[in-house]
Amino acid sequence: MRKKRILLLSEGFGSGHTQAAHALASALRRTNPGLIIRVLELGAFLHPTIAPWIFTAYRKTVVSQPKLYGKLYRSQSKKPLNGFLQHALHRIFYRKAEAVIEQLRPDIIICTHPFPNLIVSRLKKQHGLPIPLCTLLTDYDAHGSWINDEVDRYFVSAPDVKRRLVAKGVSSRRIKVTGLPVHPSISEQYSVDEIYLEFGLRDMPTVMLMGGGWGLLDEKLLKRIVQWRDRVQLLFCLGTNEKARQQLQSNELYRHPNIHLFGYTREIGKLMEVSDLLITKPGGMTCTEAMIKGVPMLFYNPIPGQEEENCQYFTEHGYGEELTSLSELDGYFTRFMENRRDKNKIARKGSSRRLSSLFAKSVMQMLR
């Protein structure tokens with residue numbers, strides 16, 4: 001009997017989309033070990049030389065011209081991408097996507113980024129591709145670029161996102177609220193003492209600072225936070241931004257026993273376990289992980305677009321607050337140190353496992 005095959009398609013515009021795809025793949029493998037699962041960043045797979053240049057240009061635009069990016073994001077927020085843009089994407093970047101799908105022969109396709117979602121939808125509509133298509137929205141917004149008539153099932157992070165999709169014309173029957181899948185390690189409960197020993201940390205007030213997969217940390221914010229290094233243990237997570245990590249390592253200001261610099265790591269769950277506060281860019285996946293681990297969040301410089309929407313969702317639901325001025329930081333640190341020992345976790349650990357099981361069950365129902 002032929003084993004069922006699942007193809008997860010993402011894209012390299014930020015790390016959250018692919019992170020979600022791998023988390024879902026892990027959940028599916030854990031509950032259904034007989035599945036054949038493949039995760040691809042489709043554009044990078046089709047164009048391994050050109051794609052990195054495109055992703056770099058995108059990152060530079062988002063960082064250097066956030067208002068322009070926000071304007072473009074909002075201009076397309078209420079409707080799907082127009083036919084011309086869809087055609088251009090297909091012809092320029094995804095022309096060979098159909099051949100890849102035919103070679104892999106999946107029984108179902110799940111997209112965690114709007115671009116491959118658009119391309120597969122186009123293949124279903126114009127070429128009669130007979131494969132069920134699921135779409136996982138990786139943020140707490142329902143941007144129009146995700147919406148296509150050919151999507152068979154939408155997986156969304158929260159009821160608020162479902163309501164937004166319905167308001168944009170998507171039938172509620174095609175939407176399932178599942179939360180976002182995270183890596184199984186996020187739901188694990190670790191020995192705090194063992195984590196201290198593994199990473200050379202101390203049992204003291206601990207603040208974790210994350211700049212997303214790109215490691216985008218504001219220099220003024222860093223200098224303000226580092227003033228607390230004698231009273232607070234600081235964990236700086238710089239993702240794939242190795243240049244920034246090396247620059248901080250060479251700076252005398254950051255050579256302190258209470259300051260720890262991390263590049264890309266798979267141990268985020270452990271670091272969150274010992275953190276009393278997370279200061280972060282409001283990316284959908286990072287915020288979901290912190291919510292599950294029960295770590296209060298402080299958001300800084302949300303990029304106009306999905307980060308602003310994520311920030312609004314998590315602040316409105318009491319999972320964090322937005323840092324609107326560096327002058328507010330000292331007050332936050334003082335309060336969190338005073339309340340550290342009495343801190344109430346904002347979510348129950350283990351919920352990520354339940355969410356992942358819900359994802360896996362929903363996908364398997366479509367495979368039958």
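Residue numbers for the sequence shown follow full-length UniProt numbering, so the first one is 1 and each next one is one higher.
All C-beta atoms in this analysis are idealised placements derived from N, C-alpha and C, irrespective of residue type, glycine included.
Span of the beta strand (DSSP E), counted from its first residue to its last, around residue i
i, result
"H260", "I259 to F262"
"E328", "Run containing E328: none; DSSP gives neither H nor E here."
"I109", "I108 to C111"
"I50", "Per DSSP, I50 belongs to no beta strand (DSSP E) and is neither H nor E."
Endpoints, alpha helix (DSSP H) assigned at residue i
i, result
"Y313", "Q306 to E316"
"residue 424", "This structure cannot speak to residue 424, because the chain is shown only from 1 to 368."
"D193", "V192 to F199"
"H256", "Taken as a continuous stretch (DSSP letters only), H256 belongs to no alpha helix (DSSP H), as it is neither H nor E."
"R30", "G16 to T31"
"Y94", "Per DSSP, Y94 belongs to no alpha helix (DSSP H) and is neither H nor E."
Anticipated Cβ contact below 8 Å, residue i with residue j, distance rounded
i, j, result
"H17", "T112", "5 Å"
"T178", "G284", "No, T178 and G284 are not in contact; Cβ-Cβ is about 13 Å, not under 8 Å."
"I119", "L89", "7 Å"
"V62", "I303", "6 Å"
"P116", "L9", "4 Å"
"M272", "E289", "7 Å"
"I147", "V166", "That pair is no contact at about 11 Å."
8 Å Cβ cutoff met for residue i and residue j
i, j, result
"F13", "Y58", "yes"
"D152", "P132", "yes"
"D276", "V207", "yes"
"K162", "M210", "no"
"L7", "L104", "yes"
"P184", "R30", "yes"
"K176", "F155", "yes"
"F299", "F262", "no"
"Y69", "N310", "no"
Reference residue i, options the options, closest by Cα
i, options, result
"Y264", "L238, I109 and V166", "L238"
"P181", "A23, K78 and Y332", "A23"
"R224", "S327, R91 and G200", "S327"
"G331", "P106, I292 and W228", "W228"
"K270", "G294, V63, K79 and E252", "G294"
"L42", "A360, A99, L248 and S64", "A99"
"M366", "R174, S187, M291 and L298", "R174"
"K125", "D107, H87, G144 and D141", "H87"
"V232", "V274, L197 and P33", "V274"
"F45", "W53, A97, L358 and G34", "A97"
Which residues DSSP lists as bridging residue i, in chain order
i, result
"T206", "Q233"
"T135", "C111 and Y154"
"T280", "M210 and F299"
"R5", "I36"
"V177", "V156"
"G320", "M297"
"E41", "S10"
Closer than 8 Å to chain B by CB, residue i
i, result
"V192", "Structure shown: chain B not included; a single protein chain is present."
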